[in-house]
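Chemist: For the sequence shown, the UniProt record's numbering begins at 1 and goes up steadily by one.
Glycine is no exception: its CB is placed at the ideal position from the N, C-alpha and C atoms.
As the structure is a computational prediction, the values presented were derived from the model and not from experiment.
Got a structure for you, questions after.
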Amino acid sequence: MDESKSSWIATLIALPIGIITATTSSIVLDISNFIDILIGAGGFTAAYIPSQNFLFNKQLNEYGLTRSEYSFIRNQLKEARTKVNRLKKSYINVRSLKDIKLVYDINRLVSTIHDAVEDDPKRFFGVQQFYHAHLDSAVNTVEHYLHLYKMPGKSKEERVKLHEARITLFEIMRSLESDVSIMNKSDYQALELEKKVVKKRRDRKIKQLGNTLHKEEVNLNKTTKTHEKEKVMQNEQKH
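Listed below in structure tokens is the structure:
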């Protein structure tokens, strides 16, 4: 989700207008350069604000969101991005090969969900559990587990607790996988619908082709019978 996109496009639209306004003011009004700059800035602003609002509203319509929903999601994603970056930095604390894959898988799932929601903010409402619970659990548990794992002189009880924490990480990973499935549910539904549409079109074409072939067969039979009838009549006339 990139609000700056509409701002950049609006700037590209408004900047030439501001320059033209300032240049026209300099030629026509022939007043001080400072006033020309102010007039140019006014022209830029007058073009930028409606352009930015139009483009931003168009973007919201594409997302299917209101301004308040967009603002709420944007703040949630901003907070989540910090946590996602923290999770990525956890690699530097990994001390065993078995944990590398676990941390990698968790990072991959987290990034998949967050990147998808940034691209399509409307997905946020389907994975709120991820942002309100699962992401925090993943970040905090990974950080604490890796921090304690690299500590020397662990007792038997501490090693048991670390083993339990690792099991918890696998449970968190399953929760993240469930979040991905929930997020992709609408895509699979759309895919299934598209399959049905394609099948319906294919069946219709097959039916149309069958009807065409049937008509051609009927016409061929009629033609054959006509020829046979003509031959019979010709033979009768000869006799």
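Would the beta-carbon of Leu60 fall within 9 Å of that of Leu109?
Modeler: Contact: no.
Chemist: May I ask you to report which of helix, strand or coil DSSP gives Met183?
Modeler: Met183: helix per DSSP, three-state reduction.
Chemist: Just to confirm my understanding: we take Arg123, look at its own chain, exclude 5 residues before and 5 after, and list those with CB closer than 7 Å. What are they?
Modeler: Ala116, Val117 and Met183
Chemist: Are the CB atoms of Val139 and Lys83 nearer to each other than 9 Å?
Modeler: yes
Chemist: Where does Tyr188 land, buried or exposed, given buried means 16+ other C-beta within 10 angstroms?
Modeler: Per the 10 Å Cβ criterion, exposed.
Chemist: So, with DSSP's three-state summary, where would you put Thr168?
Modeler: helix
Chemist: Considering Cα atoms alone, identify which of Thr168, Val103, Gln128 and Arg95 is closest to Phe72.
Modeler: Gln128
Chemist: Looking at the secondary structure, which residues open and close the alpha helix (DSSP H) in which Ser137 lies?
Modeler: Leu135 to Tyr149
Chemist: Smallest Cα separation from Pro121: which of Lys98, Arg166 and Thr66?
Modeler: Ranking Lys98, Arg166 and Thr66 by CA distance to the CA of Pro121 puts Thr66 first.
Chemist: Determine the direct distance from the alpha carbon of Leu38 to that of Ile9, and round the result to whole angstroms.
Modeler: 22 Å
Chemist: Please state whether DSSP places Thr112 in a helix, a strand or coil.
Modeler: helix
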